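Trainee: Sharing a structure, written as structure tokens. Questions coming.
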Amino acid sequence: MNKYYFHVDVNSAYLSWEAAYQIQQGSDIDLRMIPSAVGGDPKTRRGIILAKSIPAKKYDIHTGETLYKAFQKCPHLTVVSPRYHLYMKASQAMHNILESYSPNIQRFSIDESFLDIYASETSLEDLGNQIRIHIKEDLGFTVNVGISSNKLLAKVASDFEKPDNVHTLFPHEIKSKMWPLPVEDLFMVGRATAKKLHGMNIHTIGDLASADLDYLKYKLKSHGQLIWEYANGIESSKIRLSEENYVKGIGNSTTLPRDINQSEDAHMYLLALTEMVAMRLRHENKLCSVVVISIKNSDLSRYSHQMTLFSPTDDTNVIYQTTKKLFHQSWKNQSIRHLGVRVTGLSNNDYYQYSLFDKKNLDTLRNLNQTLDDLRLKYGKYTISRGVFLHKKIKPIIGGIGEDDYKMMSSLL
DNA sequence: TCTGGGGTCCTAGGACCC
DNA sequence: TCTGGGGTCCTAGGACCC
């Protein structure tokens, strides 16, 4: 018996979950069988494709492209807006099934998990199929399962032929199964790195694996070492359990319905974003010590500005006042297309009560914030809004991922 | 090809300390 | 006074992931 790693990846996750849900609700249309996609807001035609069906793929529609473009390629494309709460439930249901196979599960993203299992090598594919079928029969959507002796190889394996498949990628299979693939198929080789590698005449994962390590490190720093190891199948991280996989920052951002030039308008959006960020922060029982704003101009250039606070806080108003200050320190007076608010430097709020500052005032403030959060959670986020939003078209709270927030992946395995 | 939003990590330069 | 070195923290920007 040896330890093996399994990577479970939901096929076209958002679309599969949407399809499975609609069928459960009695629909006789299976979105997976027609050209369809999940993305943006189909009414305004803004936004992008987040997931697509296999029939939609035949129209050359791919993830990340604008809805506008997708409709041009396929006018009868069925598009549905994303429903993140549904996806979190589906993700949780899958997690519950995986728990019956291993106590060690690492949720890598909403639709991907790693688990380690002690088994004999001959039983691995059967085990993978068992997981695959279990999820399909109980939950109505399909997954790919990748199996290997480490997480990296398991992840690469789950990306082989889709959907509804089990693949292995053991070290002795690297040469035949992984090295012929284009280098951009490797985890952690994105657009920028791929371009640099092509410039070095490295085109396949095999090219990368046999490249000179010192040269790669000279060109790409530590990232060069990392991807060289990945290309050679070298990776040894353990399953990271959720306790050690804590949140490091919380942020929300939005593309504005139209470009703005007035700082008063920017303040509105900063407040609306801060409302959501601070609410999530309090929900996590955390305090932040750093506030960051980011600005994207109409010409798509972007910049950010941050500030470390004198003392950690979870108060909406303190964070908002800081974002305003940051905005005025950094705004280049160009028209703005996108704004973001993010907090980092998180700490637990256990000792908040024992702060040196006036306890009574702090408690009053905390109670006020808490009461607002509770009301919004119970009756909807627009139940109570700040007065400044009256008669404005701007939504008083902006940003996704609410109540059932859970820890997501990091760029490391 | 430049279009969304939510993240993490790395690096380099500057400030500041001893 | 302007000459050494080591360390940490902060900040801005870039790269990557889904």
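Note that the working numbering numbers the first sequence so that position 344 is 1307, with each residue one more than the last. Note that beta-carbon positions come from the ideal geometry of N, C-alpha and C, so glycine has one too. Computed from a predicted model, the values in this text were never measured in an experiment.
According to DSSP, is ALA1174 helix, strand or coil?
Mentor: Sequence index remark: in the first sequence, residue 1174 carries index 211 (1-based). Here ALA1174 sits in coil by DSSP.
Trainee: Name, in chain order, the residues that DSSP records as bridge partners for ASP972.
Mentor: Here residue 972 refers to the residue found at position 9 when the first sequence is read from its first residue. DSSP output for ASP972 lists GLU1075, ASN1107 as bridge partner(s).
Trainee: By a C-beta neighbour count over all protein chains shown, 10 Å radius and 16 as the cutoff for buried, is THR1327 buried or exposed?
Mentor: Indexing the first sequence from 1 puts residue 1327 at position 364. Exposed: under 16 other Cβ atoms inside 10 Å.
Trainee: Along the chain, where does the beta strand (DSSP E) that runs through LEU1090 open and close?
Mentor: For this step, residue 1090 is matched to residue 127 along the first sequence. Run containing LEU1090: none in the beta strand (DSSP E); it sits in the alpha helix (DSSP H), 1087 to 1102.
Trainee: Pick out the complete alpha helix (DSSP H) segments inside the stretch 1036 to 1062, 4 residues or longer, and give them in chain order.
Mentor: 1047 to 1061
Trainee: For SER999, name the three-state secondary structure that DSSP assigns.
Mentor: Here residue 999 is taken as the residue at index 36 of the first sequence, counted from 1. Looking at SER999 - three-state DSSP - the assignment turns out to be strand.
Trainee: When you compare only the Cα positions, how much space is there between ARG1265 and LEU1219?
Mentor: Numbered from its first residue, the first sequence carries residue 1265 at position 302. Numbered from its first residue, the first sequence carries residue 1219 at position 256. Those two C-alpha atoms are separated by around 14 Å.
Trainee: Can you tell me the Cα-Cα spacing of THR1271 and LEU1263, whole angstroms?
Mentor: Along the first sequence, read from residue 1 onward, the residue named residue 1271 stands at position 308. Along the first sequence, read from residue 1 onward, the residue named residue 1263 stands at position 300. Between THR1271 and LEU1263, the C-alpha separation is close to 27 Å.
Trainee: What is the DSSP secondary structure of ASP940, reduced to helix, strand or coil?
Mentor: Residue numbering for the chain in the displayed model covers 964 to 1376; residue 940 lies beyond these limits and cannot be assessed.
Trainee: Along the chain, which unbroken stretches of the beta strand (DSSP E) at least 3 residues long are found entirely within the stretch 1129 to 1214?
Mentor: Taking only runs of at least 3 residues, the beta strand (DSSP E) segments lying wholly in the stretch 1129 to 1214 are 1129 to 1131.
Trainee: Is LYS966 helix, strand or coil when you go by DSSP?
Mentor: Here the question's residue 966 lines up with position 3 in the first sequence. If DSSP states are grouped into helix, strand and coil, LYS966 belongs with the strands.
Trainee: Spell out the partners DSSP gives GLY1303 in its beta bridges.
Mentor: Translated into positions along the first sequence, residue 1303 becomes position 340. For GLY1303, which the question treats as bridged, DSSP gives the partners SER1216, SER1257.
Trainee: Just reading off the beta strand (DSSP E) that GLN988 is part of, what are its end residues?
Mentor: Here residue 988 is taken as the residue at index 25 of the first sequence, counted from 1. Where GLN988 is concerned, there is no enclosing beta strand (DSSP E), given that its DSSP letter is neither H nor E.
Trainee: Out of ASN1280, HIS1268, ILE1258, ASN1311, point me to the one whose CA is closest to ILE1299's CA.
Mentor: On the first sequence, position 336 is the one that residue 1299 refers to. That would be ILE1258, whose Cα lies nearest to the Cα of ILE1299.
Trainee: If we count the other Cβ atoms within 10 Å of its Cβ and call it buried at 16 or more, is LEU1236 buried or exposed?
Mentor: Here residue 1236 corresponds to residue number 273 of the first sequence, with the count starting at 1. By the neighbour-count rule (16 or more Cβ atoms within 10 Å), LEU1236 is buried.
Trainee: How far does the alpha helix (DSSP H) with HIS1291 in it extend, from its first residue to its last?
Mentor: The residue you call residue 1291 lines up with position 328 of the first sequence. From DSSP, the alpha helix (DSSP H) with HIS1291 extends over 1279 to 1293.
Trainee: Smallest Cα separation from ASP1023: which of ASN1224, PHE1104, CYS1037?
Mentor: Against the first sequence, residue 1023 aligns to sequence position 60. Out of ASN1224, PHE1104, CYS1037, CYS1037 has the C-alpha closest to the C-alpha of ASP1023.
Trainee: So SER1121 is in the alpha helix (DSSP H); what residue range does that whole segment cover?
Mentor: The residue given as residue 1121 occupies position 158 in the first sequence. Note, SER1121: alpha helix (DSSP H), 1114 to 1121.
Trainee: I believe ALA1194 touches LEU1149 by the beta-carbon criterion, under 8 Å. Please report the beta-carbon distance rounded to the nearest angstrom.
Mentor: Within the first sequence, residue 1194 is the residue found at index 231, counting from 1. Within the first sequence, residue 1149 is the residue found at index 186, counting from 1. Correct: roughly 6 Å between the Cβ atoms.
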